[in-house]
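So for the sequence shown, this note's numbering puts the first residue at 416; every next one is plus one.
Glycine included, C-beta positions come from ideal geometry on N, C-alpha and C.
Down below is the structure, laid out as structure tokens.
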Amino acid sequence: MALLSSERAVSELILSSVCLCASAFDGLRCELAIDSCDSASCQNNATCIDTSPGWECKCPPWVSKSSH
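And the structure:
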């Protein structure tokens, strides 16, 4: 018995599985750690610290920290 194209697509979808990486990882086997600091925009000589998930800017001692 021949399958309709929609039945084949559903069959393939059911037989295959997809693994989703945790938010801080990427790659076929989740082997690549994503550095959130690549997209960070720390200012005033602040140092970016990669946290899971996201990033944080650590201000130098001579700069006061303010929230926006």
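According to DSSP, W470 shares a beta bridge with D465. C434 and P476 have their alpha carbons spaced roughly 43 Å apart. Per the DSSP secondary-structure output, L447 pairs in a beta bridge with D441. Its chain contains A455, C457, Q458, A461, T462, C463 and I464 as the residues whose beta carbon lies nearer than 8 Å to that of C472, once the 5 sequence neighbours on both sides are disregarded; these appear in chain order. DSSP places C452 within a helical segment (H, G or I) once states are collapsed to three.
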